[in-house]
Each structure stands twice: as C-alpha cells, then as structure tokens.
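Let me begin by presenting the structure, written as structure tokens, before commenting on it.
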Amino acid sequence: QCSCLTHKGFIAFDAALNEEVLIIPYILCHLGDSPMHAEVTNTTNPTGTLNPCHVCNLTVESKAQKQSETYVCQFVGVDYVGEQHPLPMHDWEETHALTEELWELAHYQNKLEKFKQISKKNGICDSLN
Numbered sequence: 004q005c006s007c008l009t010h011k012g013f014i015a016f017d018a019a020l021n022e023e024v025l026i027i028p029y030i031l032c033h034l035g036d037s038p039m040h041a042e043v044t045n046t047t048n049p050t051g052t053l054n055p056c057h058v059c060n061l062t063v064e065s066k067a068q069k070q071s072e073t074y075v076c077q078f079v080g081v082d083y084v085g086e087q088h089p090l091p092m093h094d095w096e097e098t099h100a101l102t103e104e105l106w107e108l109a110h111y112q113n114k115l116e117k118f119k120q121i122s123k124k125n126g127i128c129d130s131l132n
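Residues 4 to 132 in our numbering are what the sequence shown lists, from first letter to last.
Here it is as structure tokens:
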C-alpha cells in the first residue's frame with residue numbers, strides 16, 4: 004500500500020486553497036511508527052531518539068521538535084521551497100575521537116554530567132524518552 008501511495012499519490016481537497024491537491028505521502032511512511040523509518044535511518048528505535056540517523060547529522064533538542072516543519076524538511080533533505088538541501092554526513096573520525104574523549108571524561112576524570120551533556124549533544128549516547 005505504501006509503495007502505491009508514494010508513487011501514485013491520491014487526490015484530497017485542501018480547504019485553505021479551496022481546490023483539490025495531489026498528496027504523495029512518502030514522508031508519512033518514514034515519520035510514522037513504521038519499520039521503514041528504522042531501515043532508512045539505520046537506527047533501531049528512531050521514533051524515540053533525538054538523533055534518529057546514524058548516517059547524517061539529523062538531530063533535535065526535544066521530541067516535540069520532531070513534529071516541526073523544519074524537522075520534516077531536514078528528514079527528507081529539502082528546504083522550505085522543496086529544493087534539495089541534504090544534511091551533512093557524520094564524520095566518523097570525529098565521532099571516534101569524540102568517543103575517546105567521552106571515555107576519558109567518564110572513566111578517568113569522573114565528570115559524568117559533562118559526559119552526559121557532550122554525548123547527548125553529539126548523538127553518541129541518546130535519550131529515548
């Protein structure tokens with residue numbers, strides 16, 4: 004069903020425009036509670052995470068922001084007018100270096116609050132609430 008809708012779409016009436024519009028709900032297949040979302044973002048539980056993609060730098064500060072137009076545009080890699088605007092990819096060398104820094108903070112310097120702050124900000128460890 005998703006495949007048919009994403010390729011052909013369907014007609015709906017837009018009350019604001021006062022005319023029929025073509026809806027192609029491709030994004031709904033990924034942003035709903037769908038297994039496709041997990042597959043596309045390479046994340047086991049993308050719905051509950053603040054950093055729902057392990058490939059690109061898609062991130063939000065709170066779950067409430069995941070309902071915003073900005074987040075949806077970033078998710079599909081377009082700007083507000085629909086032109087391509089992909090997010091930058093993760094720099095794995097930077098992620099590796101940051102992971103070593105976090106290990107140092109947590110295990111040798113015992114700075115757990117700073118560890119939590121940096122790891123959450125950079126998507127190394129994530130909140131699932």
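Don't be surprised by glycine CBs; every beta carbon is placed ideally from N, CA and C. All figures in this text were calculated on a predicted structure; none of them were measured in a lab.
Proximal residues to residue i (C-beta, below 7 Å), its chain only, five neighbours per side dropped
i: G80; result: Q87, H88, P89 and L90
i: K114; result: L108
i: Y74; result: V63 and Q68
Pairwise C-alpha distance: residue j and residue i
i: T62; j: T98; result: 15 Å
i: E96; j: G12; result: 41 Å
i: L20; j: I27; result: 17 Å
i: V58; j: G85; result: 22 Å
i: D17; j: S71; result: 20 Å
i: H93; j: E22; result: 42 Å
i: E103; j: Q68; result: 30 Å
i: C76; j: A15; result: 22 Å
i: L25; j: Q112; result: 57 Å
DSSP three-state assignment for residue i, whether helix, strand or coil
i: A15; result: strand
i: Q87; result: strand
i: E1; result: Here the chain has residues from 4 to 132 only, and residue 1 is not among them.
i: V58; result: coil
i: V81; result: strand
Same chain only: Cβ atoms within 8 Å of residue i, ignoring 5 sequence neighbours per side
i: L53; result: T62, V63, E64, S65, K66, K123, G126, D129 and S130
i: F118; result: L105, L108 and A109
i: I121; result: L101, E104, L105, L108 and I127
i: Y83; result: E72 and C76
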